[in-house]
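Asks: Next up is a structure, given as structure tokens.
Residue numbers (the numbering used here): 12 to 151.
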């Protein structure tokens, strides 16, 4: 559900300009060096790209799935390298915390993820579960 069309339009326009003016011109450099320049990463942080789906109370933008898709359309116009950098913070890396994390875990990790200070990951495998998180038997 789109909560505020005008605000979403402003965000999408800003991302479109960033993609066209910054990301697309650096695609070849990123492909050749296999590294996103630090100044571009800082701009991505400033735009809130690391916290698109993280709730606002944890310093994210709190976008709904539908709102996120509009941003993804714009980011999809450039190299997947840029989306890969922010992907786990906005997806599986933060969703586990949002759904099942304690308040202490959420308060500690989610703002750092939203600010791009840390990059999340989600790693799992078991002989009988593979990568099906619901079938894991291991516990801590």
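Ideal Cβ placement from N, Cα and C applies to all residues, glycine included. Quantities reported herein were computed from a predicted structural model and do not represent experimental measurements.
(1) Confirm the yes/no value for this check: CB of residue 12, any heavy atom of the ligand PLP, distance under 7 Å.
(2) Does DSSP put residue 71 in a helix, a strand or coil?
(3) Contact between the region 22 to 37 and the region 94 to 110 is defined here as three or more beta-carbon pairs at a separation below 8 Å; is this criterion met?
(4) How about the region 57 to 69 and the region 100 to 108: do they share at least three Cβ pairs that are nearer than 8 Å?
(5) Just how far apart, CA to CA, sit residue 132 and residue 31?
(6) Nearest CA to the CA of residue 54: which residue from 107, 150, 126?
(7) What residues in its chain sit with their C-beta under 7 Å from that of residue 81, if we drop five residues either side in the sequence?
(8) Quick check on DSSP: helix, strand or coil for residue 78?
(9) Using the beta-carbon count (16 or more within 10 Å), is residue 87 buried or exposed?
(10) Name the DSSP beta bridge partners of residue 137, please?
(11) So, helix, strand or coil for residue 98, using DSSP?
Replies: So, from the data block:
(1) By its list of ligands, the structure shown contains no ligand whatsoever, and the ligand PLP lies outside what it can speak to.
(2) Secondary structure at residue 71: coil, using DSSP grouped into helix, strand and coil.
(3) No: fewer than three Cβ pairs fall under 8 Å.
(4) Touching, per the Cβ criterion.
(5) In a straight line, the C-alpha of residue 132 is about 28 Å away from that of residue 31.
(6) When C-alpha distances from residue 54 are compared across 107, 150, 126, the shortest belongs to 126.
(7) Excluding sequence positions up to five before and after residue 81, its CB lies within less than 7 Å of the CB of 19, 23, all in the same chain and listed in chain order.
(8) In the three-state reduction of the DSSP assignment, residue 78 falls in the helix class.
(9) The Cβ neighbour count for residue 87, taken over all protein chains shown within 10 Å, is under 16; the residue is labelled exposed.
(10) In the DSSP output, where bridge partners are listed per residue, residue 137 has 141.
(11) Residue state, collapsed to three classes: helix.
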